[in-house]
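The structure appears below as structure tokens.
There are 2 protein chains.
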Amino acid sequence: MSERTVNIILMGLGNVGKAFFQLLEEKAEPVKVQFGLDFSLRAMLRSAGGLSSTSPIRQKDIPEMSAAELTRSPLWKPGLALETVLNEIEPGVMIECTSSNPNTGEPGLKHIRIALEKGWHVVTANKGPLAVDFKGLKEKAGRACRALKFSGAAAAALPALDVGLYSLAGTEILAIEGILNGTSNYILTKMAQGRGYSEALREAQDKGIAERDPSLDVEGWDTAVKLLLLANAVMGLDLCLKDIRVEGVKDIPSGILDAAKKEGKVLKLLGKVSRVRDDFRAEVFLSAIDRSHPLFGVDGINKGITYFTDSMGVVTVTGGKSDPRGAAAALLKDIINIYR
Amino acid sequence: MSERTVNIILMGLGNVGKAFFQLLEEKAEPVKVQFGLDFSLRAMLRSAGGLSSTSPIRQKDIPEMSAAELTRSPLWKPGLALETVLNEIEPGVMIECTSSNPNTGEPGLKHIRIALEKGWHVVTANKGPLAVDFKGLKEKAGRACRALKFSGAAAAALPALDVGLYSLAGTEILAIEGILNGTSNYILTKMAQGRGYSEALREAQDKGIAERDPSLDVEGWDTAVKLLLLANAVMGLDLCLKDIRVEGVKDIPSGILDAAKKEGKVLKLLGKVSRVRDDFRAEVFLSAIDRSHPLFGVDGINKGITYFTDSMGVVTVTGGKSDPRGAAAALLKDIINIYR
């Protein structure tokens, strides 16, 4: 198979960015053999500056991804701007992994807009920009005839988006129901085993599952943002965050967990979009589900999504690594599917 | 969006063929709007002859799909051969829905070969040809630069194949485990509720779930063929049916169901392919699985498949309509994904 070189720019060197850097190296050979794609990482930027090179940046160039190590690299350029590298390198794919801000979308929003304008495809694990301007970004990508893919933003390695867009093509999606946040599902799972909320949260924090400020997760906002992305992408809606009624896993009324257990049910934080007459209702809410529900077995940090369709019945996908490596694998998958 | 006309030839007018004919009409408008594709059904053939037309064949032309009604149509041509219509119509997609013969692959095998040679894409719900000559057909399609898609053959509306090929691109699939046959899963579900094997089978036959001769389903061969398709397509193997150790749901040793129930487990007929050192092991076998198994909740006629991967963790997809309409929807999906 003749190989096609794909230039890559990586924005953001947090946990997902680092995992992507490693996975890119690990998968370089198999991806060449299987898909005929030769990934060439040409620049990696963080807020303070970045590395760029005329030849592919490899792991041996930066054995350790610490801030100190990066600035010691001969490839380091303080204050290096995205616009500069976009202009210098033949367009390929920009990977957006900077930290997510669901209110402003920045800095990712700016990155995605400029990359699309310069003729680059965009693959993002950062959901902030999509939460703020889903429609605008999709339209911009459409006008530029460039791909804008975001599997990693919607559900890391859980292929929620692919299944909705690709596997269910031609079917009408009547409703989506999902367990979309690993942290809150972990807390609910532990609480069903008898822990109190605070104890379960602390356990999640100790294990690195929950962040030090867990509010976006436990108050349901992370679920809401993912639901928004999925509904807008797969059902063609134009939801904003304010259209979604949101509750979280804090302040669960006492007795609810026990009552669910007694009936053989489990309490889950569900994100749901469904058709109500000519309109749609979107909500994030606690629900006691029984064994007949396809998400019944989705425990711990696992996630899952169920699509209700008109011609394919009910299709559910569950699992998928819920960590930086899983998100990195979703980024890689999206790049492959742009070029295959 | 400018529309692209896609010519379609439908081979086989059994339950799936009829459901496809209906769905094509039902989905014509939404597919035009969403994907810019204008499907033009130009010929439908069964063993005794077929209908062909220079303009799209619509439901109003054949209000009833009975053999008698078909031959009464002004479009009916006794003895009409596939080769004739392939030569007369500008290449598009040939849909193969004739009845499946896992031993000879015929008549579908001949249909698929000639269609690919004449420059047509092929979408098949018939698994016989793929069971007999998977590698040869894939190579023929590759040489002709034509698509050969078979979602409907692998698992009807359950997107087993898409998830493996598309959603898991770039990850290494270490093992596949699936509940792939609705009839045997229905029988096992009923037996877990206390029915005997014969009673459960009769119930399945009365409901039209099991065929009058249920041997391919209950002896595990249908599961084996689907496993073969999935393993060859997704893991790049070259399995034949004789490479797969196969057991079925007949002659279940007494006591096994009760023992499973006592341990909180359920008995399932699993198809499994896994790496064993440098080789692969493929088998269809009865297994008692517990709640931690992602296929635990897959009951009745439902199906499910679990992929074990190196970078995306464990990904499971379950559900999907297990009937002619579901298979027809899978055919439609494959056509859309060829052209989108």
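As you go down the protein sequences, you meet chains X and G in turn. Okay, so the first sequence: first residue is 4 according to our numbering, each after it adds one. Okay, so the second sequence: first residue is 4 according to our numbering, each after it adds one. Built from N, CA and C at the ideal position, the CB exists for glycine as well.
Span of the alpha helix (DSSP H), counted from its first residue to its last, around residue i
i	result
residue 261 of chain G	259–265
residue 146 of chain G	131–146
residue 154 of chain X	154–158
residue 125 of chain G	Element bounds for residue 125 of chain G: not the alpha helix (DSSP H) but the beta strand (DSSP E), 124–127.
residue 310 of chain X	Per DSSP, residue 310 of chain X belongs to no alpha helix (DSSP H); it is in the beta strand (DSSP E), 307–312.
residue 271 of chain X	It is not in any alpha helix (DSSP H) - residue 271 of chain X instead sits in the beta strand (DSSP E) that spans 269–279.
residue 186 of chain G	185–195
residue 115 of chain X	111–120
residue 226 of chain G	224–237
residue 221 of chain G	218–221
residue 318 of chain X	Here residue 318 of chain X belongs to no alpha helix (DSSP H); instead the beta strand (DSSP E) covers 317–322.
residue 341 of chain G	327–342
residue 88 of chain G	85–91
Contacting residues, own chain, Cβ-Cβ under 7 Å from residue i (five flanking each side not counted)
i	result
residue 192 of chain X	302 and 303
residue 53 of chain G	46, 47, 80 and 83
residue 20 of chain G	13 and 100
residue 267 of chain X	293 and 294
residue 55 of chain X	45, 46, 78, 80, 83 and 88
residue 39 of chain G	4, 5, 6 and 7
residue 260 of chain X	194, 195 and 270
residue 64 of chain G	76 and 78
Inter-residue Cα distance where the pair is residue i and residue j
i	j	result
residue 101 of chain G	residue 49 of chain G	8 Å
residue 89 of chain G	residue 212 of chain G	35 Å
residue 122 of chain G	residue 329 of chain X	40 Å
residue 312 of chain X	residue 174 of chain X	6 Å
residue 152 of chain G	residue 337 of chain G	6 Å
residue 86 of chain X	residue 61 of chain X	22 Å
residue 7 of chain X	residue 202 of chain G	59 Å
residue 150 of chain G	residue 160 of chain G	19 Å
residue 246 of chain X	residue 204 of chain X	28 Å
residue 314 of chain X	residue 171 of chain X	9 Å
residue 331 of chain G	residue 16 of chain G	12 Å
residue 91 of chain G	residue 124 of chain G	16 Å
residue 120 of chain G	residue 284 of chain G	34 Å
residue 319 of chain G	residue 272 of chain G	16 Å
residue 207 of chain X	residue 187 of chain X	9 Å
residue 179 of chain G	residue 36 of chain X	22 Å
residue 196 of chain X	residue 226 of chain X	23 Å
residue 2 of chain G	residue 143 of chain X	Summary: the structure shown does not reach residue 2 of chain G, with chain G confined to residues 4 through 343, and so no result is reported for it.
residue 274 of chain X	residue 230 of chain X	6 Å
residue 325 of chain X	residue 220 of chain X	14 Å
residue 137 of chain G	residue 96 of chain G	19 Å
residue 333 of chain G	residue 147 of chain G	23 Å
residue 110 of chain X	residue 214 of chain X	21 Å
CB of residue i within 8 Å of CB of residue j, strictly
i	j	result
residue 155 of chain G	residue 316 of chain X	no
residue 167 of chain G	residue 237 of chain G	yes
residue 340 of chain G	residue 169 of chain X	yes
residue 164 of chain X	residue 233 of chain X	yes
residue 98 of chain G	residue 176 of chain G	no
residue 228 of chain G	residue 244 of chain G	yes
residue 252 of chain G	residue 287 of chain G	no
residue 59 of chain G	residue 43 of chain G	yes
residue 297 of chain X	residue 321 of chain G	yes
8 Å CB neighbourhood of residue i in its chain, flanking five on each side removed
i	result
residue 255 of chain G	194, 200, 270 and 289
residue 335 of chain G	23, 26, 27, 30 and 34
residue 218 of chain X	224
residue 117 of chain X	85, 86 and 89
Proximity test, residue i beta-carbon vs the ligand COA heavy atom, cut-off 7 Å
i	result
residue 148 of chain X	Annotation note on the ligand COA: not contained in the displayed structure, which lists no ligands.
Delimiting residues of the beta strand (DSSP E) encompassing residue i
i	result
residue 150 of chain X	Taken as a continuous stretch (DSSP letters only), residue 150 of chain X belongs to no beta strand (DSSP E), as it is neither H nor E.
residue 288 of chain X	282–292
residue 80 of chain X	79–81
residue 20 of chain X	Run containing residue 20 of chain X: none in the beta strand (DSSP E); it sits in the alpha helix (DSSP H), 18–38.
residue 178 of chain X	176–182
residue 7 of chain X	7–14
residue 55 of chain G	52–55
Contact set for residue i: own chain, Cβ-Cβ below 6 Å, skip 5 residues either direction
i	result
residue 282 of chain X	none
Residue-chain proximity (residue i, chain C), Cβ-Cβ < 8 Å
i	result
residue 97 of chain G	In the displayed structure, chain C is absent; the protein chains listed are X and G.
Using 8 Å as the cut-off, can you tell me whether the segment 122–130 of chain X makes contact with the segment 87–105 of chain X, which would need three or more C-beta pairs spanning the two stretches below that distance?
Taking 8 Å as the limit for Cβ pairs, the verdict is that the segment 87–105 of chain X does touch the segment 122–130 of chain X.
Measuring CB atoms only, is the segment 180–189 of chain G touching the segment 306–315 of chain G, in the sense that at least three cross pairs come out at less than 8 Å?
In short, these stretches touch, since the Cβ pair count reaches three.
With three or more C-beta pairs closer than 8 Å as the rule, is the segment 21–32 of chain G touching the segment 56–72 of chain G?
Yes: the two stretches touch, three or more of their Cβ pairs being nearer than 8 Å.
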